[in-house]
Amino acid sequence: MRAPPSTVRASKLVTNAVAVKSETASIAATKSGHELLLFEALREGLEEEMERDPRVCVLGEDVGHYGGSYKVTKGLAEKFGDLRVLDTPIAENSFTGMAVGAAMTGLRPIVEGMNMGFLLLAYNQISNNCGMLHYTSGGQFTIPVVIRGPGGVGRQLGAEHSQRLESYFQSVPGLQMVACSTPYNAKGLMKAAIRSENPVILCEHVLLYNLKERIPDEEYVCCLERAELVRPGKDVTILTYSRMRHHVLQAAKSLINKGYDPEIIDIISLKPFDLHTIGNSIKKTHKVLIVEECMRTGGIGASLRASIMDNFWDYLDAPIMCLSSQDVPTPYAGTLEEATVVQPPQIVKAIKQLCG
Amino acid sequence: MASCHAPQASFFPQISPPFSADTSSSPIVSCRFPCRYASLQVSSPSSGTFVPRAEEKTKTERNIFACAATASRLVAEKPAPTKKKTTITKEEGLVLYEDMVLGRSFEDMCAQMYYRGKMFGFVHLYNGQEAVSTGFIKCLKEGDFVCSTYRDHVHALSKGVPARSVMSELFGKATGVCRGQGGSMHMFSKEHGVLGGFAFIGEGIPVATGAAFKSKYEKEVLKNDKVDAVSVAFFGDGTCNNGQFFECLNMAALWKLPIIFVVENNLWAIGMSHIRATSDPNIWKKGPAFGIPGVHVDGMDVLKVREVAIEAIARARRGDGPTLVECETYRFRGHSLADPDELPEKAHYAARDPILALKKYLLQHNLADENELKSIQTRIDEVLEDAVDFAEASPLPPRSQLLENVFADPKGFGIGPDGRYRCEDPSFTAGTAQV
Chain A
1 MRAPPSTVRA SKLVTNAVAV KSETASIAAT KSGHELLLFE ALREGLEEEM ERDPRVCVLG
61 EDVGHYGGSY KVTKGLAEKF GDLRVLDTPI AENSFTGMAV GAAMTGLRPI VEGMNMGFLL
121 LAYNQISNNC GMLHYTSGGQ FTIPVVIRGP GGVGRQLGAE HSQRLESYFQ SVPGLQMVAC
181 STPYNAKGLM KAAIRSENPV ILCEHVLLYN LKERIPDEEY VCCLERAELV RPGKDVTILT
241 YSRMRHHVLQ AAKSLINKGY DPEIIDIISL KPFDLHTIGN SIKKTHKVLI VEECMRTGGI
301 GASLRASIMD NFWDYLDAPI MCLSSQDVPT PYAGTLEEAT VVQPPQIVKA IKQLCG
Chain B
1 MASCHAPQAS FFPQISPPFS ADTSSSPIVS CRFPCRYASL QVSSPSSGTF VPRAEEKTKT
61 ERNIFACAAT ASRLVAEKPA PTKKKTTITK EEGLVLYEDM VLGRSFEDMC AQMYYRGKMF
121 GFVHLYNGQE AVSTGFIKCL KEGDFVCSTY RDHVHALSKG VPARSVMSEL FGKATGVCRG
181 QGGSMHMFSK EHGVLGGFAF IGEGIPVATG AAFKSKYEKE VLKNDKVDAV SVAFFGDGTC
241 NNGQFFECLN MAALWKLPII FVVENNLWAI GMSHIRATSD PNIWKKGPAF GIPGVHVDGM
301 DVLKVREVAI EAIARARRGD GPTLVECETY RFRGHSLADP DELPEKAHYA ARDPILALKK
361 YLLQHNLADE NELKSIQTRI DEVLEDAVDF AEASPLPPRS QLLENVFADP KGFGIGPDGR
421 YRCEDPSFTA GTAQV
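In the order they appear, the protein sequences are chains A and B. Under full-length UniProt numbering, think of the first position of the first sequence as 1, with each following residue one higher. Under full-length UniProt numbering, think of the first position of the second sequence as 1, with each following residue one higher.
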């Protein structure tokens, strides 16, 4: 008898769970520190950097008086003024180019794309100018911009607001790209990106903004090039990033109950890959599963697979498995949207297949 | 210098004009002499129908017709020339002359070198447009910024980049201003404030706008009163149909940025005539739509350009905001060295060669004599000989240079399997950039 669609979700796992309290092991989660939501962590990082360096400024739509569509810049315009938190007209290509020109002449701008998808309109400036000008000028000009915004599949936001753009930017030479997934790394990566002399794309996720975590009171900065070991293990290496980290953790609960010991790594840096952390893990477990929200074709997983094959072929006992989202424009209907993105039961199934 | 000289009074009101949808009643003085398109209306606004220009069948015929109409219209409406009093000193005149001669001679040398196989790819020459570059850039001071397009050699030279560095860059040598990594279309100089050099039209305008934004930021946020840098963005008629142009006019006007938008309208975007591409070919008219003064100037007359430039730059520097200047100019050569050279209006504009015009002016007003001007040409010839020799003798970039400037912070290449940053591995530059 053909199982009705609902039994696809028959397991006790909550498939769309996102705003779970993070269980990352790597955080310096002491009894001190303060609790906040991810968007507040981003704001904290941004505010600290703006206080530290008067050349740091933000521009984007509704970042100023409105406080940001996702409240990341709330209160900052009142504190730092309208020029440092600049409300732009709806002209992504031009204001991103403006950020490039300002960066070349000495400022450190942060461009907020209200939704990452809107930055497709700025692709000319991101690819041609952000990525290239340091090179074509023979090293004369630096472009220390941060381009950030929420991307990924949300809750029935429709295809254009639910884009997974990591793959579009990853090939652009001259850009660095990171994805935050917890309040801790959100704040740390924001600060690191602002301090970097390179243009950095900071990928946030629409559904992670309300994630709550306790983070340290003292100042810290994450490393832009380093992956995060979320859970040590020895059976299999699971490489993931952004929202999928939380789906992996969900799946991990079930897997651990069944006796598996997965090592979970949040790759953080989508470009370049931290081959040291990843390599050390593969040398231990000899099996790899990549779980990503990117599309299958030409995605981060595709690049990662190639990289692993190039560098760690001898250590693999099985072909690298990759779970990506479907190559479809994200549908509006809830059931279809759910099927677009990788869900925890699929992860459990994949591990069972990989590990036996 | 054919057309009459404009009155001395400033044509920029001291206060920003109120927004007016009806530009004909705008207080801003716009067209300084009859617009060259008036006779070439291809569609009647009232009827809304396309009225083709009569009889011409071939493109050549059409172009010649357009040329003849343009020329005859200008000739018919040109007022009688008035004797004008000298507006420049001898020193200023010679500076302008030398800069234009440098620009022209450099471009001629480029053509020679290109056809001799010393430089490659797309090379776009500026012959004929020197008055615009010289007229504007010689009014700037150190700290000001210039942003250009792929037709950027002469902007870089006018701004002060040594001819050696530009020639060497064109030869693809390591001593080029961009270490050979940019090429003809990407001239950058941090030292001289040249922000590029862009291959795609329109993409330099936001960069110039950003530099102007930084100027304002420095004054108002960083409280550095000594800074009053302005930015000048040069671009062509084709760019004026591009979104980035309009978006930047809006933002510059909104925030009163210290920028001057200079349109080098040479009537052609490769093979596309400006009139065929633009619903209203009067580009200067588009400034007032954003609350920006729009000025039309004879771009073949360096003194006229200079007069407009001084005013527009002063306006920007004192914080009154941007200006849109449309320079009627012409390129004597093809779009690039790979394109055909014969354009219909060439003969007409060759008669208005800016260098010959300035020479005549200097001689007529006893600001210089033939010998002085000849010696300038000789000096420039020597500069160019030296530039070519230098470029020839310079080394090609070594393989190890390939990855050096991809990232300002080479940690961006990431951490390799051995735990070290790849940039710390001495053999990394010998391989390919893998992540």
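The beta-carbon is built from N, C-alpha and C at its ideal position, and this holds for glycine as well. Small disclaimer: the values here were computed from a predicted structure and weren't measured.
Local Cβ density within 10 Å of residue i, reported as buried at 16 or more and exposed below that
{"i": "B/Arg420", "result": "exposed"}
{"i": "A/Ala350", "result": "buried"}
{"i": "residue 502 of chain B", "result": "As displayed, chain B neither begins before 1 nor continues past 435, which places residue 502 of chain B out of reach and without an answer."}
{"i": "A/Thr142", "result": "buried"}
{"i": "B/Ser400", "result": "exposed"}
{"i": "A/Ile267", "result": "buried"}
{"i": "B/Ala393", "result": "exposed"}
{"i": "B/Phe120", "result": "exposed"}
{"i": "A/Ile110", "result": "buried"}
{"i": "B/Gln181", "result": "buried"}
{"i": "B/Gln112", "result": "exposed"}
{"i": "B/Ser168", "result": "buried"}
Inter-residue Cα distance where the pair is residue i and residue j
{"i": "A/Gly301", "j": "B/Phe332", "result": "53 angstroms"}
{"i": "B/Thr286", "j": "A/Thr335", "result": "Before going further, note that residue 286 of chain B is Lys rather than Thr in the sequence given. Cα-Cα distance, rounded: 50 angstroms."}
{"i": "B/Ile415", "j": "A/His205", "result": "25 angstroms"}
{"i": "A/Cys223", "j": "B/Leu125", "result": "46 angstroms"}
{"i": "B/Arg318", "j": "B/Phe198", "result": "29 angstroms"}
{"i": "A/Leu38", "j": "A/Leu189", "result": "12 angstroms"}
{"i": "B/Met185", "j": "B/Val123", "result": "7 angstroms"}
{"i": "A/Thr297", "j": "A/Asp327", "result": "7 angstroms"}
{"i": "B/Val154", "j": "B/Pro293", "result": "26 angstroms"}
{"i": "B/Val101", "j": "B/Asp381", "result": "9 angstroms"}
{"i": "A/Ser181", "j": "A/Glu197", "result": "23 angstroms"}
{"i": "A/Arg214", "j": "A/Tyr184", "result": "8 angstroms"}
{"i": "B/Ser273", "j": "B/Leu267", "result": "6 angstroms"}
{"i": "B/Ala156", "j": "A/Arg164", "result": "41 angstroms"}
CB contact check: residue i to chain A, cutoff 7 angstroms
{"i": "B/Thr209", "result": "yes"}
{"i": "B/Gln401", "result": "no"}
{"i": "B/Gly294", "result": "no"}
{"i": "B/Glu247", "result": "yes"}
{"i": "B/Pro322", "result": "no"}
{"i": "B/Glu424", "result": "no"}
Cross-chain neighbours of residue i in chain B, by beta carbon under 7 angstroms
{"i": "A/Tyr241", "result": "None at all; the shortest Cβ gap to chain B is about 15 angstroms."}
{"i": "A/Thr73", "result": "The premise fails here: A/Thr73 is roughly 16 angstroms from chain B at the closest Cβ pair, so nothing lies under 7 angstroms."}
{"i": "A/Gly298", "result": "Chain B residues near A/Gly298: none, gap ~15 angstroms exceeds 7 angstroms."}
{"i": "A/Gly106", "result": "Lys214"}
{"i": "A/Glu213", "result": "Residues of chain B passing the Cβ test: none, with the nearest at roughly 26 angstroms."}
Within chain A, partners of residue i - CB distance below 7 angstroms
{"i": "B/Asp409", "result": "Ser196, Glu197 and Asn198"}
{"i": "B/Cys110", "result": "None at all; the shortest Cβ gap to chain A is about 19 angstroms."}
{"i": "B/Asn405", "result": "His134, Tyr135, Gly138 and Gly139"}
Residue-level contact to chain B via CB, residue i, 7 angstroms cutoff
{"i": "A/Pro54", "result": "yes"}
{"i": "A/Val100", "result": "yes"}
{"i": "A/Gln176", "result": "yes"}
{"i": "A/Glu166", "result": "no"}
{"i": "A/Asn93", "result": "yes"}
{"i": "A/Glu228", "result": "no"}
{"i": "A/Pro173", "result": "yes"}
{"i": "residue 357 of chain A", "result": "Absent from the model: residue 357 of chain A. The displayed extent of chain A is 1 to 356, so no value can be given."}
{"i": "A/Glu225", "result": "yes"}
Under 9 angstroms from the C-beta of residue i: neighbouring residues of chain A
{"i": "B/Ser189", "result": "Ser137 and Gln140"}
{"i": "B/Glu220", "result": "Gly81 and Leu83"}
{"i": "B/Gly196", "result": "Met104, Asn129, Leu133, Thr136, Ser137 and Phe141"}
{"i": "B/Phe200", "result": "Asn124 and Asn128"}
Cutoff 7 angstroms: residue i Cβ touching any chain E Cβ
{"i": "B/Ile415", "result": "This model lacks chain E altogether; the protein chains it does include are A and B."}
Within chain A, partners of residue i - CB distance below 8 angstroms
{"i": "B/Asn250", "result": "Pro89 and Ala91"}
{"i": "B/His186", "result": "Thr136 and Ser137"}
{"i": "B/Tyr126", "result": "Per Cβ cutoff of 8 angstroms: no residues; B/Tyr126 is ~20 angstroms from chain A at best."}
Contacts that residue i makes with chain B (C-beta to C-beta distance below 8 angstroms)
{"i": "A/Asn311", "result": "Pro417"}
Contact test: residue i Cβ vs the ligand ATP heavy atom, cutoff 6 angstroms
{"i": "B/Asn241", "result": "The ligand ATP is absent from the structure shown, which contains no ligand whatsoever."}
Below 8 angstroms between beta carbons is the criterion; list the residues of the segment 114-143 of chain A that meet it against any residue of chain B, in chain order. Asn124, Gln125, Asn128, Asn129, Leu133, His134, Tyr135, Thr136, Ser137, Gly138, Gly139, Gln140, Phe141, Thr142 and Ile143
Against chain B: residues of the segment 42-66 of chain A by CB proximity under 8 angstroms: Pro54, Arg55 and Cys57
Using a Cβ cut-off of 9 angstroms, which residues of the segment 263-280 of chain A contact any Cβ in chain B, in chain order? Ser269, Lys271, Pro272, Phe273, Asp274, Leu275, His276, Thr277, Ile278, Gly279 and Asn280
Under 8 angstroms (Cβ pairs) to chain A, residues found in the segment 143-155 of chain B: Phe145 and Cys147
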